[in-house]
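A.B. asks: Residue numbers (our numbering), protein chains in the order written: chain H, 322 to 601; chain U, 322 to 601; chain V, 66 to 204; chain S, 66 to 204.
Ideal Cβ placement from N, Cα and C applies to all residues, glycine included.
Since we're looking at a predicted model, the values are computed, not measured.
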Amino acid sequence: MAKITAGVGSSHVPLLGVAVDQGKWQDDYFGPIFKGYEWTREWEAREKPDVVILVYNDHASAFDANIIPTFAIGCGEHYKSADEGWGPRPVPDVEGHADLAWHIAQSLILDDFDMTIINEMDVDHGLTVPLSMMFGQPEKWPVKVVPLAVNVVTYPVPSGNRCWALGEAIARAVESFPEDLNVQIWGTGGMSHQLQGPRAGLLNREWDNKFLDMLASDNDDVRHIPHIEYLRETGSEGIEMVMWLIMRGALGKSVKTLNRHYHIPCSNTAIGHIVLEPAD
Amino acid sequence: MAKITAGVGSSHVPLLGVAVDQGKWQDDYFGPIFKGYEWTREWEAREKPDVVILVYNDHASAFDANIIPTFAIGCGEHYKSADEGWGPRPVPDVEGHADLAWHIAQSLILDDFDMTIINEMDVDHGLTVPLSMMFGQPEKWPVKVVPLAVNVVTYPVPSGNRCWALGEAIARAVESFPEDLNVQIWGTGGMSHQLQGPRAGLLNREWDNKFLDMLASDNDDVRHIPHIEYLRETGSEGIEMVMWLIMRGALGKSVKTLNRHYHIPCSNTAIGHIVLEPAD
Amino acid sequence: MTQETPKQNIHEYLAELDDIPGTRIYTAARARKGYWINQFAMSLMKAENRERFKADERAYLDEWNISEEAKQALLKRDYNTLLDLGGNVYFLSKLFSADGLPFAEAVSTMTDMTWPEYRQMMLDGGRSPIGNRSIKGGY
Amino acid sequence: MTQETPKQNIHEYLAELDDIPGTRIYTAARARKGYWINQFAMSLMKAENRERFKADERAYLDEWNISEEAKQALLKRDYNTLLDLGGNVYFLSKLFSADGLPFAEAVSTMTDMTWPEYRQMMLDGGRSPIGNRSIKGGY
Ligand SMILES: [Fe+3]
Ligand SMILES: [Fe+3]
């Protein structure tokens with residue numbers, strides 16, 4: 322039986338991909354960030370998950386303005402790194418887990434989630450940067466990936482409550498997959514940042530840490546935070562944190578925090594990550 | 322305030338489009354079918370709806386195998402008739418109602434429906450045949466259309482219960498649109514038919530009429546019919562009738578039946594239609 | 066709030082779909098298997114592709130990531146085999162159109178009837194569901 | 066079952082989004098208005114389009130269904146005006162890349178700071194939310 326054994330929430334700042342790809346990850350600017358991920362990288366090397374359900378958002382790479390799926394699940398065999406305007410990142414292709422992905426997609430639709438299924442797409446920094454943070458620069462990614470792309474760009478994006486409920490449904494789906502698989506779920510994006518307008522550069526250390534506290538707790542108050550609170554407190558792009566709720570919803574009522582790290586800034590963004598284990 | 326004033330369920334058989342386009346609609350084969358729609362055509366001419374929310378499915382025209390949205394709502398300004406392999410139907414372009422469509426899309430997402438928004442697409446017989454049945458051959462369609470494309474091809478398709486709930490949410494959305502608009506909602510497809518395999522040609526007059534009875538009733542038992550019942554009783558393509566439930570769900574608890582017609586066969590298909598008015 | 070439809074396990078749900086006589090429900094498993102058959106068929110929506118296909122069917126098919134078995138079935142218009150290989154009728158209908166074949170006539174080739182026989186069955190009220198609902202149940 | 070988040074009316078929801086200082090939330094209204102600005106920007110993901118654009122920006126822009134105002138803003142790289150006209154930063158970032166401009170530097174041009182000032186603000190902990198949360202509330 323497949324099982325979700327852990328959840329990771331993590332920022333997915335494009336500049337971190339640049340730091341890895343250009344070997345700058347030990348310099349003064351990036352050193353403290355990568356140091357914060359060190360424990361997690363070692364933990365992942367020990368855990369050896371078979372599959373990661375990777376919740377992220379497409380940043381106008383695979384989807385143009387024409388089509389905006391709220392929840393799109395990648396059911397393909399592999400995905401190439403997207404050219405975001407300066408050439409694709411020099412990272413391995415991402416291998417899908419089509420069997421598990423289709424199983425999850427089917428289960429979710431039966432569970433009244435209105436999924437969009439996608440077979441072929443390129444994946445951008447939202448998906449590949451977290452892989453680099455967790456696994457460094459391997460010849461080949463050590464996990465298969467089920468990409469789950471969430472619209473967090475055009476409003477309304479899905480509610481926190483809906484994201485949490487989707488996570489719960491994903492956990493049910495994984496548990497009904499017959500093959501033995503060690504599955505992790507990652508929620509990516511955030512933390513506080515604003516990339517547009519005169520208010521650009523807003524960061525909110527206090528709120529971000531309160532959010533991490535809420536994720537680590539045994540109650541589900543975090544699912545009821547309204548969009549406007551993310552926007553006011555954490556900048557227009559801080560809304561990406563709703564994707565962490567899909568991860569958290571998949572872990573059940575109680576969780577144990579294995580690691581937690583927060584650093585300001587990386588480019589325009591507050592970097593944070595948290596590693597959680599179901600504790601029910 | 323906009324209001325849903327009526328709902329129509331109707332088959333959308335491609336051959337009916339051919340009959341209209343080639344002027345065969347009075348011959349022995351098609352005569353009885355078009356006669357059954359006569360009252361409804363006159364009623365539509367009197368009702369003069371401003372907008373039709375037209376629930377249909379794409380038959381591998383706008384969407385290829387790569388992307389499969391469960392619920393896609395058309396938010397564009399206009400749509401062309403698709404070339405389904407023998408040239409586009411010679412019908413007017415379909416004019417969208419982008420203001421209302423975006424309002425509904427936003428409201429639905431806020432209401433935890435995981436919509437896919439689509440701006441540009443061609444629309445196939447699923448959408449244009451019902452327009453021809455209701456409005457004949459005008460120079461310009463007398464209504465604007467909000468297309469709502471439902472996946473009823475790749476399994477699982479959305480449950481009857483989810484479709485009904487979507488209809489309820491659409492009704493709430495329409496009622497919160499500030500402009501005065503006479504809005505109809507149409508659910509199309511069906512009735513019994515099977516287009517594939519050795520069982521092709523299955524029709525089920527009794528079941529189809531029971532389904533029409535259930536739609537016309539004041540209880541919502543019809544939303545709980547499982548997919549397997551549609552498939553066993555009405556053929557593999559009879560599942561399209563789940564789209565009628567979106568229409569029915571939008572009309573509220575009680576309805577008044579204004580017209581009802583059933584005829585066998587049209588090509589591979591049992592033709593039926595029903596005109597309902599909210600009666601709460 | 067109204068009563069919820071009881072949720073079903075996906076494995077039970079899919080098993081039921083396989084219990085219908087003479088029918089291949091287009092499940093994920095079929096959609097995956099037939100992906101390139103269907104994408105090939107979809108390509109025939111463009112007039113220039115239809116022409117290239119008609120000029121040399123085999124050469125056009127060889128441009129696609131399709132098994133030899135599927136290519137043979139496409140060349141023979143063996144639609145039941147194509148359904149087994151994951152083809153879906155709405156995609157395959159682009160091939161009906163390319164051949165100039167009416168939809169119902171193409172559908173009739175999947176049954177054990179000739180086109181005139183099939184057409185007559187439909188005029189007579191269609192195929193009865195009796196005995197055609199369930200393989201296991203035989204009803 | 067857990068408690069439901071109270072559902073909000075879409076008009077209230079959208080009104081709140083307009084109450085954030087120095088921020089244009091990418092709502093449906095903006096997405097509609099800026100559709101072709103964003104599709105133009107997306108086109109710059111292809112190397113051949115970037116070259117054609119660089120060779121003659123005005124001529125390339127004239128191929129798109131974009132208002133003169135938006136074209137001028139694109140030519141001037143006036144990103145705040147482009148946000149007003151419905152541009153979205155993830156789409157517009159394809160233009161940053163075409164210009165070889167780092168993302169953060171491009172973002173800084175939307176503020177009242179120079180790039181070195183903006184960079185220093187970020188190193189110092191970023192822009193404070195205090196007074197930046199609500200126009201009406203002023204908090
Ligand atoms: Fe992001
Ligand atoms: Fe249909």
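Kindly confirm or deny that the stretch 483-493 of chain H and the stretch 570-579 of chain H touch, where touching means at least three C-beta pairs closer than 8 Å.
C.D. replies: The answer is yes - the stretch 570-579 of chain H touches the stretch 483-493 of chain H, with three or more Cβ pairs under 8 Å.
A.B. asks: What are the boundary residues of the alpha helix (DSSP H) that V/Thr146 is part of?
C.D. replies: The residue you call residue 146 of chain V lines up with position 81 of the third sequence. V/Thr146 -> alpha helix (DSSP H) spans Tyr144 to Asp149.
A.B. asks: How many angstroms separate the CA atom of H/Leu452 from the CA atom of H/Trp462?
C.D. replies: Here residue 452 of chain H corresponds to residue number 131 of the first sequence, with the count starting at 1. Here residue 462 of chain H corresponds to residue number 141 of the first sequence, with the count starting at 1. Answer to the nearest angstrom: the Cα atoms are 8 Å apart.
A.B. asks: Is S/Phe156 helix, strand or coil by DSSP?
C.D. replies: Sequence index remark: in the fourth sequence, residue 156 of chain S carries index 91 (1-based). DSSP places S/Phe156 in helix when its eight states are reduced to three.
A.B. asks: Comparing alpha-carbon positions, which option in H/Phe355, H/Glu460, H/Ile425 and H/Ile585 lies nearest H/Pro499?
C.D. replies: Your numbering for residue 499 of chain H matches position 178 in the first sequence. Nearest option by C-alpha distance: H/Ile425.
A.B. asks: V/Arg198 versus chain U: which residues are under 8 Å apart at the beta carbon?
C.D. replies: Taking the third sequence and counting its residues from 1, the one referred to as residue 198 of chain V is at position 133. Within 8 Å Cβ-Cβ: Arg553 and Glu554.
A.B. asks: If the cut-off is 8 Å on Cβ atoms, which residues from the stretch 362-385 of chain U count as contacting chain V, listed in chain order?
C.D. replies: Here the close residues are His380, Ala381, Ser382 and Asp385.
A.B. asks: If the criterion is Cβ atoms closer than 8 Å, does the pair H/Glu607 and H/Val466 meet it?
C.D. replies: Since the displayed chain H opens at 322 and closes at 601, residue 607 of chain H lies outside it and no answer follows.
A.B. asks: Just reading off the beta strand (DSSP E) that H/Val620 is part of, what are its end residues?
C.D. replies: Coverage of chain H is limited to positions 322 through 601, which leaves residue 620 of chain H absent and any answer about it impossible.
A.B. asks: Give the straight-line distance between the Cα atoms of V/Asn114 and V/Lys159, rounded to the nearest whole angstrom.
C.D. replies: Position 49 of the third sequence holds residue 114 of chain V. Position 94 of the third sequence holds residue 159 of chain V. Approximately 11 Å between the Cα atoms of the pair.
A.B. asks: Would the C-beta of U/Glu561 count as close to ligand 2, meaning under 7 Å from any of its heavy atoms?
C.D. replies: On the second sequence, residue 561 of chain U is found 240 positions in, with the first residue counted as 1. Yes.
A.B. asks: With hydrogens ignored, establish whether the beta-carbon of H/Gly510 is closer than 7 Å to any heavy atom of ligand 1.
C.D. replies: Within the first sequence, residue 510 of chain H is the residue found at index 189, counting from 1. Indeed, a heavy atom of ligand 1 lies less than 7 Å from the Cβ.
A.B. asks: For H/Asn530, tell me which candidate among H/Ser513, H/Val450, H/Val473 and H/Arg410 has the shortest Cα-Cα distance.
C.D. replies: The residue you call residue 530 of chain H lines up with position 209 of the first sequence. Residue H/Ser513 is the option with its Cα nearest to H/Asn530.
A.B. asks: Please state whether the Cβ-Cβ distance between H/Gly481 and H/Arg544 is less than 8 Å.
C.D. replies: Numbered from its first residue, the first sequence carries residue 481 of chain H at position 160. Numbered from its first residue, the first sequence carries residue 544 of chain H at position 223. Contact flag set, yes.
A.B. asks: Checking contacts by CB at 8 Å: is S/Ala106 closer than that to chain U?
C.D. replies: Here residue 106 of chain S corresponds to residue number 41 of the fourth sequence, with the count starting at 1. Not an interface residue.
A.B. asks: Among H/Asn589, H/Ala381 and H/Phe351, which residue has its Cα nearest to the Cα of S/Ser108?
C.D. replies: The residue given as residue 108 of chain S occupies position 43 in the fourth sequence. S/Ser108 has its Cα closest to that of H/Ala381, out of H/Asn589, H/Ala381 and H/Phe351.
A.B. asks: What residues of chain V sit near H/Leu431, judged by a beta carbon separation below 8 Å?
C.D. replies: Here the question's residue 431 of chain H lines up with position 110 in the first sequence. Ordered by position in chain V, the residues that pass the 8 Å Cβ test against H/Leu431 are Lys72, Gln73, Ile75 and Tyr78.
A.B. asks: Nearest chain H C-beta to V/Arg97 closer than 8 Å, yes or no?
C.D. replies: For the purposes of this step, residue 97 of chain V is identified with residue 32 of the third sequence, where counting begins at 1. Yes, because at least one Cβ of chain H sits closer than 8 Å to the Cβ of V/Arg97.
A.B. asks: For V/Leu188, which residues from the same chain have a beta carbon less than 6 Å from its beta carbon, with the 5 sequence-adjacent residues on both sides left out?
C.D. replies: Translated into the one-based positions of the third sequence, residue 188 of chain V becomes position 123. There are no such residues.
A.B. asks: With hydrogens ignored, establish whether the beta-carbon of S/Gly203 is closer than 7 Å to any heavy atom of ligand 1.
C.D. replies: Counting from 1 along the fourth sequence, the entry for residue 203 of chain S is found at position 138. It does not: the Cβ of S/Gly203 is nowhere closer than 7 Å to a heavy atom of ligand 1.
A.B. asks: Using the Cα positions of U/Phe355 and V/Leu140, report the straight-line distance between them to the nearest angstrom.
C.D. replies: If you number the second sequence from 1, residue 355 of chain U lands on position 34. If you number the third sequence from 1, residue 140 of chain V lands on position 75. Going from the Cα of U/Phe355 to the Cα of V/Leu140 covers about 38 Å.
A.B. asks: Using a Cβ distance threshold of 8 Å, determine whether the stretch 330-341 of chain U contacts the stretch 579-593 of chain U, with at least three qualifying pairs required.
C.D. replies: Yes, since at least three Cβ pairs between the stretch 330-341 of chain U and the stretch 579-593 of chain U fall closer than 8 Å, the two stretches touch.
A.B. asks: How is the beta strand (DSSP E) around U/Asn503 delimited, first residue to last?
C.D. replies: In the second sequence, counting from the first residue as 1, residue 503 of chain U sits at position 182. Element bounds for U/Asn503: Leu502 to Thr509.
A.B. asks: Based on Cα-Cα distance, which residue from H/Val563, H/Ala383, H/Trp423 and H/Gly510 lies nearest to H/Met454?
C.D. replies: Taking the first sequence and counting its residues from 1, the one referred to as residue 454 of chain H is at position 133. Of the candidates H/Val563, H/Ala383, H/Trp423 and H/Gly510, the one whose C-alpha sits nearest the C-alpha of H/Met454 is H/Gly510.
A.B. asks: Please determine, among S/Ala163, S/Glu170 and S/Asp84, the residue with the shortest C-alpha to C-alpha distance to S/Gly203.
C.D. replies: For the purposes of this step, residue 203 of chain S is taken as residue 138 along the fourth sequence, with counting starting at 1. The option with the nearest alpha carbon to S/Gly203 is S/Asp84.
A.B. asks: Tell me which same chain residues have a C-beta within less than 8 Å of the C-beta of V/Ser132, skipping the five on either side of it?
C.D. replies: On the third sequence, position 67 is the one that residue 132 of chain V refers to. Result list for V/Ser132: Leu150, in chain order.
A.B. asks: Under the criterion of a Cβ to heavy atom distance below 7 Å, does U/His582 qualify as lining ligand 2?
C.D. replies: For this step, residue 582 of chain U is matched to residue 261 along the second sequence. No, ligand 2 has no heavy atom inside 7 Å of this Cβ.
A.B. asks: Closer than 7 Å to a non-hydrogen atom of ligand 1 - does that hold for the CB of U/Asn525?
C.D. replies: Position 204 of the second sequence holds residue 525 of chain U. U/Asn525: no, Cβ never under 7 Å from ligand 1.
A.B. asks: What three-state label does DSSP hand U/Pro468 in the structure shown?
C.D. replies: Here the question's residue 468 of chain U lines up with position 147 in the second sequence. U/Pro468: strand per DSSP, three-state reduction.
A.B. asks: Is the closest heavy atom of ligand 2 to the C-beta of U/Gly522 under 7 Å?
C.D. replies: The residue you call residue 522 of chain U lines up with position 201 of the second sequence. Not so, every heavy atom of ligand 2 lies at least 7 Å from the Cβ.
A.B. asks: Counting only runs that start and end within the stretch 397-485 of chain U, where is the beta strand (DSSP E) found for 3 or more residues in a row?
C.D. replies: Here the runs fully enclosed are 399-402, 437-439 and 465-471.
A.B. asks: Taking a Cβ distance cut-off of 9 Å, strictly less, list which residues of the stretch 450-484 of chain U are near chain V, in chain order.
C.D. replies: The stretch 450-484 of chain U vs chain V, Cβ under 9 Å: Val474, Thr475, Tyr476, Pro477, Ser480, Gly481, Asn482 and Arg483.
A.B. asks: Hey, out of U/Arg581, U/Leu536 and U/Gln343, whose CA is closest to U/Ser575's CA?
C.D. replies: The sequence position of residue 575 of chain U within the second sequence is 254, counting from 1. Measuring from the Cα of U/Ser575, the nearest candidate turns out to be U/Leu536.
A.B. asks: Against chain V, does H/Asn580 count as a neighbour if the rule is that its beta carbon must be under 8 Å from one of theirs?
C.D. replies: By 1-based counting over the first sequence, the position of residue 580 of chain H is 259. No, because no Cβ of chain V sits closer than 8 Å to the Cβ of H/Asn580.
A.B. asks: Quick one: Cα of V/Ala106 to Cα of V/Phe156, how far?
C.D. replies: For this step, residue 106 of chain V is matched to residue 41 along the third sequence. For this step, residue 156 of chain V is matched to residue 91 along the third sequence. If I take the Cα positions, the gap works out to 6 Å.
A.B. asks: Once you ignore the five residues that flank U/Leu516 on each side, which residues in its own chain have a CB closer than 6 Å to its CB?
C.D. replies: Here residue 516 of chain U refers to the residue found at position 195 of the second sequence. Same-chain partners within the cutoff: Glu558 and Asn589.
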